[in-house]
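First comes the structure, then the notes that go with it.
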Amino acid sequence: MSTFEHAGQQGTTTLRTTRPGSDGEHLVQQRMGTTERADRFYGDQVLDRLNSRMREFVNRQEMFFLATADRHGGCDNTFRAGPPGFLHVLDDETLAYPEYRGNGVHASLGNIEENPQVGILMVDFLQDRIGLHVNGRARSVADDAMRRAHPWLPADQVPGRRALVWVVITVEEAYIHCAKHIPHLQKVPARGHGRSWGTDDVKRKGGDFFGAADEAPERGPFLPPPRPDADAATWRAEAERVLERAERYSLGEGSGNGSGVESTVGAQPFSGWFRRSTSV
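Going by this note's numbering, the first residue of the sequence shown is number 44, and it counts up by one from there.
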């Protein structure tokens with residue numbers, strides 16, 4: 044969104060030279076006949092920074108939703124939570140939050156490596172029943188580098204709630220999410236152990252709540268991705284190692300008979316994902 048300043052009798056006014064939003068949403072607005080209404084929202088509610096009331100709102104939030112996408116446009120939406128203010132306001136154009144220990148997939152961080160555009164939605168279900176959208180560009184920063192740059196950041200002593208890495212977001216858009224469909228919730232005392240930050244306890248993490256493990260297809264070991272700096276010979280050696288493991292797995296040699304693993308003797312042996320070649 045481009046802007047320029049116009050000086051008049053009533054003072055200096057900042058004017059937009061382009062409309063916020065994507066070409067796609069503008070086309071849909073024309074099709075649905077809502078362009079005028081959208082322009083009022085753009086003009087009244089969409090900022091390119093966090094004003095004082097937005098900053099105060101962010102500072103008391105205990106959770107938010109984060110949307111990312113990879114370079115192909117494949118999307119991921121996730122939930123982040125922490126103590127009040129864990130999403131830190133560094134200034135009116137910058138936010139930062141710590142990434143805690145999770146399931147090791149790092150889908151959000153991985154997407155940010157490929158595509159820095161992110162969308163954050165904070166919703167106050169408890170007090171004001173209002174939401175705040177923040178769209179911008181994100182990057183990951185190591186914990187030690189982050190603390191050198193911002194020594195005032197608190198060091199959380201709760202196990203499992205210590206920053207593995209930080210995500211820093213440069214704000215491009217900030218705007219309201221209206222209250223009309225937001226339910227009013229109330230806090231209640233935590234049951235059992237409460238929140239289990241960083242735990243590996245399967246039951247406390249929710250176990251296989253949706254029964255996905257029972258329906259997941261049987262797989263052998265995944266073929267590892269090549270390291271960015273690996274040459275062809277290194278990659279081939281690693282692939283051959285995994286292929287050998289997979290062959291043993293398909294023949295029932297991984298755990299041996301009598302260990303609860305069904306024997307596959309007589310079954311078609313695993314033939315590999317590719318044919319061996321004498322050349323690299």
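C-beta atoms are modelled at their ideal positions from N, C-alpha and C, and glycine is treated no differently.
What residue range does the beta strand (DSSP E) around residue i cover?
i: Arg-83; result: Unbroken run through Arg-83 is the alpha helix (DSSP H), 78-88; no beta strand (DSSP E).
i: Asn-120; result: 118-124
i: Arg-114; result: Neither: Arg-114 is in no beta strand (DSSP E) and is coded neither H nor E.
i: Leu-175; result: 173-185
i: Gly-254; result: Gly-254 -> no beta strand (DSSP E), and no H or E assigned at all.
If you follow the alpha helix (DSSP H) that residue i is part of, which residue opens it and which one closes it?
i: Asn-102; result: 95-102
Figure out for me which residue from the options has the closest Cα to the Cα of residue i.
i: Phe-84; options: Tyr-218, Glu-68, Met-97; result: Tyr-218
i: Leu-152; options: Glu-283, Phe-129, Ala-181; result: Ala-181
i: Ile-63; options: Leu-90, Pro-268, Glu-156; result: Before going on, a small fix: residue 63 reads as Pro here, not Ile. Selected option, being the one with the closest Cα: Leu-90.
i: Asn-102; options: Leu-109, Ser-183, Met-165; result: Met-165
i: Asp-134; options: Leu-207, Leu-93, Phe-252; result: Leu-93
i: Pro-268; options: Arg-96, Gln-229, Gly-128, Val-285; result: Val-285
i: Leu-328; options: Glu-283, Gly-250, Val-71; result: Within the shown structure, residues of the chain are numbered from 44 to 323, placing residue 328 beyond reach of any answer.
i: Phe-100; options: Val-132, Ala-289, Gln-160; result: Val-132
Let me confirm a value: residue i is counted as buried when at least 16 other C-beta atoms fall within 10 Å, else exposed. Which label applies?
i: Thr-56; result: Note that Thr-56 has pLDDT 49, beneath the 50 cutoff, so the model's placement of it is unreliable and the number below is only indicative. Result: exposed.
i: Met-97; result: buried
i: Ala-206; result: buried
i: Thr-277; result: exposed
i: Phe-129; result: buried
i: Phe-107; result: buried
Is residue i near residue j, with beta carbons less than 9 Å apart?
i: Ala-139; j: His-176; result: no
i: Arg-204; j: Tyr-143; result: yes
i: Ile-225; j: Phe-168; result: yes
i: Val-326; j: Pro-141; result: Only positions 44 to 323 of the chain appear in this structure, which leaves residue 326 out of reach.
i: Asp-199; j: Ala-150; result: no
i: Leu-109; j: Gly-162; result: yes
i: Glu-157; j: Arg-123; result: no
i: Gln-160; j: Asn-146; result: no
Unbroken stretches of the beta strand (DSSP E), 3 residues or longer, contained in the stretch 125-149
131-134, 137-142
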